[in-house]
Structure formats: structure tokens, C-alpha cells
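One structure is given below, encoded as C-alpha cells.
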Amino acid sequence: MNGRPPWFKSSYSQPDANCVEVNMARGRVSVRDSKLGSAQGHPRIRISPATWAAFTAELRGSGVERPL
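Per my numbering, the very first residue in the sequence shown carries number 68; after that it's consecutive.
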């Protein structure tokens, strides 16, 4: 382990499927595309934990369902 918090995928993701990965560290939430992995300069977004909580709450209440 390199001392940095790990990136994790949604529990809805297939084990070897591309998806969104999330990392929560130092008072922010970072989100990236898993198919790009940890490449240097890789695009990601960083948002506050409050914004992440509002986003995920909105998804839970939106009727979005897990794909079969």
C-alpha cells in the first residue's frame, strides 16, 4: 500500500467492467473513469463531501435502477 486511500468502484459494477471510481481523501471526493486507471494527468473531478452526498442522494431518489 502506498499510504494513499484506495480508489473503489460501485457495488453495482461488474468485476472487470469499466465504470466510475471514487476516492475519498483530505476533505474532498475525487471521481475518475476506471478504464483510464491511475495514469498521470488522467482527467478526474474533485468535489466536496457535501456535494457528493447530495449527488448520491439524488440518484437514490431518482428511480435509477441497477442494470440486470
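Glycine residues also receive a C-beta, built at the ideal position from the N, C-alpha and C atoms.
Unbroken beta strand (DSSP E) run spanning residue i, endpoints
i	result
Arg127	From DSSP, Arg127 is part of no beta strand (DSSP E) but of the alpha helix (DSSP H) over Pro116 to Gly128.
Per-residue DSSP class, three states only, for residue i
i	result
Ser101	helix
Arg111	strand
Asn85	coil
Any non-hydrogen atom of the ligand HEM within 6 Å of residue i CB
i	result
Val96	Among the ligands in the structure shown, none appear at all, so the ligand HEM cannot be discussed.
Neighbour-count burial assignment, residue i, 16 or more Cβ in a 10 Å radius
i	result
Arg99	buried
Val96	buried
Glu125	exposed
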